[in-house]
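All residue numbers for the sequence shown refer to my numbering, where the first residue is 1211 and numbers rise by one. For reference, the structure is listed below as structure tokens.
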Amino acid sequence: VLEIDVPSGATVWFKERLEGPYVLEYTATAVSAGGPNDRVSDLNNFWNAVDVRSPDDLFATRRGGALEEYDHLKTYYAGYGANYNTTTRLRRYVGEAGVRPLIFDYTEPLLVPNQPNRVRIVSDGSTVQWWNNGRLVFDHTDQEPYTSGHFAFRTVWSHFRVSDFRVWRLRPQHP
């Protein structure tokens, strides 16, 4: 189990670069048990992330926990139960400071305290999907898709338990 219990913004990166097509899954539970960071909010992910300042090595560019420090990424970003658990959004960062185009902006679904979220991310060419507990939350067709890069958990002032993380390559479909 990966325990993320933070008083401010934090991003936890998967070290290996992922090459599509692939599926990534994990289970995350927003902990609400009276702890100082047990604010139910911000089950967020970056995937297929590449930093335009160091495209061959995401980790060559230092960044802290402030969200603006990630603006130079080309990446997809899902914010599930963000903004004090009031919004669920998909963004497509384009690698420019202050530019984080919004693709979907919902007021539900949101996080439920102490309930597991089984997340599935599909990166299959132009198909970009983010699922939670069997429900397709985001289904986006990208004409200029990001097909490889790094994955991360991102959260702000919250407490999550993450388990059952796995990634596998999809096999191309042949007619």
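Note that CB positions come from ideal geometry on N, CA and C, so glycine has one too. Just so we're clear, the structure is a prediction, and the values are computed from it rather than from any experiment.
Taking V1304 as reference, the option from T1285, N1295, V1329, T1297 with the minimal CA-CA separation is T1285. Apart from sequence neighbours up to five positions away, the residues of its chain that approach N1295 with a beta-carbon distance below 6 Å are V1250, S1251, L1320, L1321, ordered along the chain. Within the same chain, I1214, A1238, T1239, A1240, V1241, L1253 come within 7 Å of F1370 by CB-CB distance, once the 5 residues on both sides are set aside. Residue state for Y1316 is assigned as strand, using DSSP reduced to three classes. Taking the Cβ atoms as the reference, A1259 lies roughly 18 Å from G1335, outside the contact range of under 8 Å. In this model, D1374 and L1234 are separated by some 10 Å (Cα to Cα). Note on V1329: 16 or more other CB atoms within 10 angstroms of its CB, so buried under the neighbour-count rule. Its chain contains A1362, R1364 as the residues whose beta carbon lies nearer than 6 Å to that of T1221, once the 5 sequence neighbours on both sides are disregarded; these appear in chain order. In this structure, DSSP gives Y1232 an extended state, which the three-state scheme calls strand.
Between Y1287 and the set P1246, E1318, P1326, S1333, the nearest pair of CA atoms involves S1333. A buried status is given to V1347, since no fewer than 16 other beta-carbon atoms sit within 10 Å of its beta-carbon. Contact annotation: V1338 and D1315 have beta-carbon atoms that are not nearer than 9 Å.
Rounded to whole angstroms, the Cβ separation of G1244 and V1366 is 19 Å, and the two are not in contact under 8 Å.
Listed in chain order, the beta strand (DSSP E) runs fully inside the stretch 1294-1368 are 1297-1304, 1312-1316, 1326-1334, 1337-1342, 1345-1351, counting runs of at least 3 residues. Per DSSP, the continuous beta strand (DSSP E) segment holding S1218 begins and ends at 1212-1223.
Cβ atoms of I1313 and H1350 come within 8 Å of each other, at about 6 Å. Around E1229, the same chain offers S1358 as residues with beta carbons nearer than 7 Å, after the five sequence neighbours per side are excluded. Taken through DSSP and simplified to helix, strand or coil, A1270 comes out as helix. One thing to note: R1302 has its Cβ within 9 Å of the Cβ of Y1356.
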